[in-house]
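Asks: From first to last, the protein sequence lines are chains P and V.
So the first sequence is numbered by the numbering used here: it starts at 1 and just counts up by one.
So the second sequence is numbered by the numbering used here: it starts at 1 and just counts up by one.
Where a beta carbon is used, it is the ideal one built from N, C-alpha and C, also for glycine.
2 protein chains.
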Amino acid sequence: MAQSELDRLTQLLAKLPGLGPRSARRAVLYLLKRKDSVMLPLALALGDAAARVGPCVQCGNLDTRDPCAICSDPGRDGAILCVVEDVADLWALERIASFKGHYHVLGGILSALDGVRPDDLKIPELVSRVERERITEVILATNATVDGQTTAHYIADRLAGLDVKVSGLAHGVPVGGELDYLDDGTLTAALKDRRPV
Amino acid sequence: MAQSELDRLTQLLAKLPGLGPRSARRAVLYLLKRKDSVMLPLALALGDAAARVGPCVQCGNLDTRDPCAICSDPGRDGAILCVVEDVADLWALERIASFKGHYHVLGGILSALDGVRPDDLKIPELVSRVERERITEVILATNATVDGQTTAHYIADRLAGLDVKVSGLAHGVPVGGELDYLDDGTLTAALKDRRPV
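(1) Please determine if the stretch 39 to 46 of chain P and the stretch 44 to 51 of chain V are in contact, where contact requires at least 3 C-beta pairs separated by less than 8 Å.
(2) If the cut is a Cβ gap below 9 Å, which residues of chain P does V/Asp-48 touch?
(3) Would DSSP call V/Ser-4 helix, strand or coil?
(4) Tell me whether P/Val-138 sits in a helix, a strand or coil according to DSSP, three-state version.
(5) Checking contacts by CB at 8 Å: is P/Ala-2 closer than that to chain V?
(6) Tell me, please, whether the stretch 117 to 128 of chain V touches the stretch 86 to 97 of chain V by the rule of three or more beta-carbon pairs shorter than 8 Å.
(7) Going by other Cβ atoms of all chains shown within 10 Å of its Cβ, with 16 needed for buried, is V/Ala-79 buried or exposed?
(8) Cα separation between P/Asp-198 and P/Ser-128?
(9) Just checking my contact of V/Gly-18 with P/Ala-27 at CB under 8 Å: how many whole Å lie between their CB atoms?
(10) Can you pull the DSSP bridge partners for P/Gly-20?
(11) Can you give me the C-alpha to C-alpha distance between V/Ala-97 and V/Asp-77, rounded to a whole angstrom?
(12) Using DSSP bridges, identify the partner residues of P/His-104.
(13) Taking the straight line between their C-alpha atoms, what separation do you get for V/Val-173 and V/Asp-147?
(14) Measuring straight from C-alpha to C-alpha, what distance separates P/Met-1 and V/Arg-65?
(15) Classify V/Pro-174 as helix, strand or coil using the three-state DSSP reduction.
(16) May I ask you to report which of helix, strand or coil DSSP gives V/Asp-77?
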């Protein structure tokens with residue numbers, strides 16, 4: 001069979017998160033039927049992004065510019081630093097468009113199980129950034145998982161001696177959420193941090 | 001924001017069946033972290049396939065060769081023609097590797113609702129293939145949907161005057177299937193076409 005090109009393309013597409021072998025085959029057929037409108041533009045966009053997109057030297061965001069568009073935006077407040085685990089979290093926060101400070105991407109979280117230690121993450125870089133730049137507040141926006149919270153506590157400890165306010169995201173009932181379906185921890189936090197209406 | 005390259009890549013990936021905007025973003029991050037192992041090979045494979053893969057002039061299969069690897073394989077029996085709706089169905093049949101004849105891809109099915117008429121499909125080509133080549137049997141392997149069966153009946157009518165055996169796929173209990181979950185039509189067909197054990 002001379003299907004090798006198609007097999008290879010299918011195998012590569014099947015590696016993407018959310019696609020398996022069967023959906024990759026569907027995607028290949030979809031693409032072959034739309035060569036000019038999707039397939040070739042996608043090939044170009046992939047090559048282009050691979051060549052031009054890289055991590056920002058300051059915050060770790062992925063962008064074609066370095067420093068990235070966020071770090072080099074004069075309209076943003078460089079004194080507030082939001083610490084996230086991954087670029088995906090940074091993008092999630094950017095989508096709500098209500099945070100106007102800078103970011104610091106850790107590139108992972110501390111994990112005893114996976115052997116991830118502080119020096120494997122951008123924690124030393126974060127400490128030196130806080131020491132060097134005029135940072136007034138660090139918002140720890142790691143995930144609300146055990147490892148995420150451990151990482152947040154560790155960073156708070158490391159920043160304890162420095163003249164900087166350290167905060168974390170609020171816990172509580174998700175907007176649109178039903179109490180009956182919430183876990184006990186979230187409900188406890190929501191009750192403890194109750195606010196005047 | 002200079003995120004345009006990444007936005008464009010995300011939008012293109014989100015068009016693939018099985019991916020939405022959110023999974024496309026995850027895929028973009030996945031790719032950017034694996035530039036050399038996945039992203040660039042995928043860009044090349046896409047460009048390569050777009051340039052080299054096209055429909056087979058004989059059967060309509062998609063391949064880098066024309067006539068395709070199936071049509072030009074001397075080990076296959078060109079006298080038996082399996083008629084399928086789409087290349088995806090051809091690939092599904094090829095995966096079981098038990099059919100050793102040739103194919104004929106219709107490129108769709110008749111549909112009054114969508115305004116698909118016989119001349120919009122490769123039905124005239126099928127008739128002339130049967131007239132021209134030494135075809136002994138045509139297996140109608142359209143889907144077991146209403147439109148698929150209508151198309152099969154229409155083709156059987158068109159081939160009625162010619163000296164060729166026309167057959168269809170067997171209906172029955174899927175292997176591994178439970179009777180309790182089967183629809184009435186399938187169960188009726190399975191009972192009607194019961195076979196000696």
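Replies: The short version:
(1) Because the criterion of three Cβ pairs below 8 Å is met, the stretch 39 to 46 of chain P and the stretch 44 to 51 of chain V touch.
(2) Those are Glu-5, Arg-8, Leu-9 and Ala-43, listed as they occur along chain P.
(3) In the structure shown, V/Ser-4 adopts helical secondary structure according to DSSP, grouped into three states.
(4) Three-state result, P/Val-138: strand.
(5) Interpretation of P/Ala-2 is limited by its pLDDT of 44, a score under 50 that renders its predicted location unreliable; the figure taken from the coordinates is listed afterwards. It does; some Cβ of chain V falls within 8 Å.
(6) Contact fails: fewer than three Cβ-Cβ distances are below 8 Å.
(7) Counting Cβ neighbours within 10 Å, V/Ala-79 comes out exposed, since fewer than 16 surround it.
(8) Absent from the model: residue 198 of chain P. The displayed extent of chain P is 1 to 197, so no value can be given.
(9) The Cβ separation is near 7 Å, so the contact holds.
(10) DSSP output for P/Gly-20 lists no bridge partner at all.
(11) Approximately 14 Å, taken between the alpha carbons.
(12) When beta bridges are read from the DSSP output, P/His-104 appears opposite P/Val-83.
(13) It is roughly 21 Å from the alpha-carbon of V/Val-173 to the alpha-carbon of V/Asp-147.
(14) Legend: pLDDT at P/Met-1 = 39, less than 50; position of this residue unreliable, no value from coordinates given.
(15) The three-state reading of DSSP puts V/Pro-174 in coil, since its state is none of H, G, I, E or B.
(16) Strand.
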